[in-house]
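Note sheet for the following structure.
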Amino acid sequence: MSEQRPDQMARRLLRRADRASLGVSFAEGNERRPYVSLVLVAVDHDLAPILFISTMAEHTKAIAGDNRVSLLIDGTAGLDQPLTGARLSVLGRIEKSDEPRLRARDRARHPDAERYADFKDFAFYRVAIERGHLVGGFGMIHWLDKAALTEPEALGETLAQSEAGIVEHMNDDHSDAVELYASLLLKLPGQGWRMTGVDRTGIDLLLGGSRARLDFDEPVADAQGARMALISLVKRARETS
């Protein structure tokens, strides 16, 4: 397999992210000071990070005064030497959003958060990425611009509107295929894996607190493209077995 380009590596990190360290700047007297906290993250179809946070949290209070944020996405889990792994710092501006798609993407990624989804002090926020800093391991350090970290055209593709139906159909009618993706292609333990999302480059899977990502061979733009990609993955899984 050829070595990944920096933009490809950064996008893969974004697509796989379920948490991040959120850096904000809050007012303390006449000064502004940095503050970092752990947040759960989902990702929109165009790669914009989605956060579901409380207005009572310190980071949300800080955002009200300065909406410039940074998110550190850590891809080093499980490595004996973490500094050899990839991590991405995303810089951008965060805004509250009532877009139903954001709630759907976030709830699929973090179903346990549904129990406080309607609390009045919680809201969905979307980060408009401006640039990013990728450390892909020793000697692989790159600043990436907005174009390298966003896919704005994905929001206009029909796949974004078809996602919920595709996910429901796969879980209800083709749960055996979803199990093949997890067990044979990703070599994951356990039974009962479910699909939680599909976008132009792959699918997201969930079992309890475990999340996984399976990439398509080629990007897709609509439901038919996704269908053919999913069939191709089943074929590959059966050949593997």
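Residue numbering for the sequence shown follows the working numbering, beginning at 14 and increasing consecutively.
Where is the CB? At the ideal position from N, CA and C, for every residue including glycine.
On a predicted model such as this, the values are computed, not experimentally measured, just so you know.
- Item | Where E143 falls: helix, strand or coil (DSSP) | strand
- Neighbour-count burial assignment, P9, 16 or more Cβ in a 10 Å radius: The structure shown does not extend to residue 9, since the chain spans only 14 to 254, so no value can be given for it.
- Query: Three or more beta-carbon pairs under 8 angstroms between the region 115-133 and the region 51-71, yes or no?
  - Reply: yes
- Message: Which of the three DSSP states is assigned to E241 in this structure?
- Response: For clarity, residue 241 is Met in the given sequence; the question names Glu instead. In the structure shown, M241 sits in a helix (DSSP, three-state: H, G or I).
- Message: Taking only three categories from DSSP, how would you classify P202?
- Response: coil
- Query: Which two residues bound the contiguous alpha helix (DSSP H) that contains H182?
  - Reply: T171 to D186
- Opposite G105 in the DSSP bridges: which residues? V82 and I142
- Query: Would you report the Cα separation of L227 and V56, rounded to the nearest angstrom?
  - Reply: 15 angstroms
- Item | G152 to R106 span [Cα, whole Å] | 29 angstroms
- Message: Going by DSSP, what residue range makes up the alpha helix (DSSP H) through L157?
- Response: Run containing L157: none in the alpha helix (DSSP H); it sits in the beta strand (DSSP E), M153 to D158.
- Write down the C-beta distance between E108 and R139 rounded to the nearest angstrom, noting that I regard them as a contact closer than 8 angstroms. 6 angstroms
- For S196, which option in T253, A75 and G221 has the closest C-alpha, if you only look at C-alpha atoms? T253
- Could you tell me if T97 is buried or exposed, where buried requires 16 or more neighbouring beta carbons within 10 angstroms of its beta carbon? exposed
- Cβ of A225 within 7 angstroms of Cβ of L199? yes
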